[in-house]
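In mature numbering (1 follows the signal peptide of the UniProt record, and there is no 0), the protein residues as written are -23 to -1, 1 to 299. For glycine and all other residues, C-beta sits at the position ideal for the given N, C-alpha and C. In what follows, a structure is listed as structure tokens, so that the remarks can point back to it.
If you want it as structure tokens, here you go:
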């Protein structure tokens, strides 16, 4: 027979055992909760110009509705299933992207008028659109797939798009790497251009009827040039450019002009005989270098920026400020 002391000992052991079991159960519950929090932490929230998107898995079927967005996507290693072309009659990739875009994608209309039907047929899980061009179409686009609307006209906008898209794809390190590669490229260009000193370089486009576009220090083109140590001597309240008459050029002192021209948009322009422009001191001194308008202004991404850096070194490395 058990004594009272023995019974008490057995009861005490039983209580301790139950307590240990309950503690173990409690420990498992905590681990489960932690696991759920880990899954919740895997959700990625991306704010864009017209809302917020949440991602739990990286999107794989991506449609981009402007060529500069293709530049950014390609820099991140994305191969979009759909791309909006520059113009309806121009189904071609920029030369510098041809070797990088390796998949068979579908043209989905022009960047000005993308085809909702063609986009929907691709069954995308992410659409990347431009605020200026696609704001009105956003409700319809967002019914097709999650739509990220971005602003890409400013000099630094592409970096934010890179970061946001990299977060959506769950590869933020790749986004950082893309920006770092750009920084390394412009740093190399800055060294190569150091002999040019404080060269004042003004990017412009001359259209028919003496209308000109003057790119500011806040534009994509202007920002890349400044990152290379050059001076862009014009600002306009944060705007990337202004369009005005050629007479405005006489008010801006420049040592060198970069003439952004294109057969598609400046056809028939005889810049050498354009009034006002042809009489400017730098123009008379031969300080005018024509460059491709699309690469230098339209394709506002990190890969185009690297092309600009390489071309700037070739064109300006031996130009000395006066």
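| Asked | Found |
| --- | --- |
| Buried/exposed call for residue 252, threshold 16 Cβ in 10 Å | exposed |
| Delimiting residues of the alpha helix (DSSP H) encompassing residue 327 | A question about residue 327 goes unanswered here, because the residues of the chain that appear run from -23 up to 299. |
| Local Cβ density within 10 Å of residue 94, reported as buried at 16 or more and exposed below that | exposed |
| Residue(s) in a DSSP beta bridge with residue 181 | 191, 236 |
| Simplified DSSP state of residue 13, which is helix, strand or coil | Caution applies to residue 13, whose pLDDT of 29 falls short of 50 and renders its modelled position unreliable; the value that the coordinates give is listed next. Correct three-state label for residue 13: helix. |
| Touch test, the stretch 120 to 128 against the stretch 73 to 81, Cβ-Cβ under 8 Å, three pairs minimum | no |
| For residue 132, the three-state DSSP class (helix, strand or coil) | coil |
| For residue 290 and residue 170, believed in contact at Cβ under 8 Å, the rounded distance | 6 Å |
| Beta carbon proximity, residue 241 to chain C, threshold 8 Å | You won't find chain C in this structure, because it holds only one protein chain. |
| Cβ contact (3+ pairs, closer than 8 Å) linking the stretch 225 to 238 and the stretch 254 to 271 | yes |
| Other residues of its chain near residue 212: CB distance less than 8 Å, five sequence neighbours each side excluded | 193, 194, 195 |
| C-beta atoms of residue 285 and residue 243 nearer than 8 Å | no |
| Inter-stretch contact (C-beta, 8 Å, three-pair minimum) for the stretch 55 to 70 and the stretch 80 to 90 | yes |
| Proximity below 8 Å, CB of residue 52 to CB of residue 279 | yes |
| Beta-bridge partners of residue 248, as assigned by DSSP | The partner list for residue 248 (beta bridge, DSSP) is empty, contrary to what the question assumes. |
| Residue interval of the alpha helix (DSSP H) (run including residue 197) | 197 to 204 |
| Beta strand (DSSP E) runs wholly inside the stretch 18 to 77, at least 3 long, in chain order | 21 to 25, 28 to 32, 39 to 41, 59 to 62 |
| C-beta contact flag for residue 222 and residue 187 at 8 Å | yes |
| Host beta strand (DSSP E) of residue 219 (start-end) | 218 to 222 |
| In DSSP terms, what residue 87 is bridged to | 62 |
| Straight-line gap, residue 281 to residue 24 (C-alpha atoms, nearest Å) | 25 Å |
| DSSP three-state assignment for residue 173, whether helix, strand or coil | helix |
| Short Cβ contact (8 Å threshold) for residue 201 with residue 260 | no |
| Candidates 55, 256, 229, of which the one nearest residue 103 by Cα | 55 |
| Inter-residue Cα distance where the pair is residue 150 and residue 144 | 9 Å |
| Collapsed DSSP secondary structure at residue 153 in the structure displayed | helix |
| Buried versus exposed call for residue 283 [16 or more other C-beta atoms within 10 Å across all chains shown] | buried |
| Neighbourhood of residue 274 by C-beta, 6 Å cutoff - its chain only, sequence neighbours within 5 removed | 198, 237 |
| Status (buried if at least 16 other CB within 10 Å, exposed otherwise) for residue 245 | exposed |
| Contact set for residue 37: own chain, Cβ-Cβ below 7 Å, skip 5 residues either direction | 102 |
| Range covered by the beta strand (DSSP E) that runs through residue 96 | It is not in any beta strand (DSSP E) - residue 96 instead sits in the alpha helix (DSSP H) that spans 93 to 98. |
| Residue interval of the alpha helix (DSSP H) (run including residue 116) | 115 to 121 |
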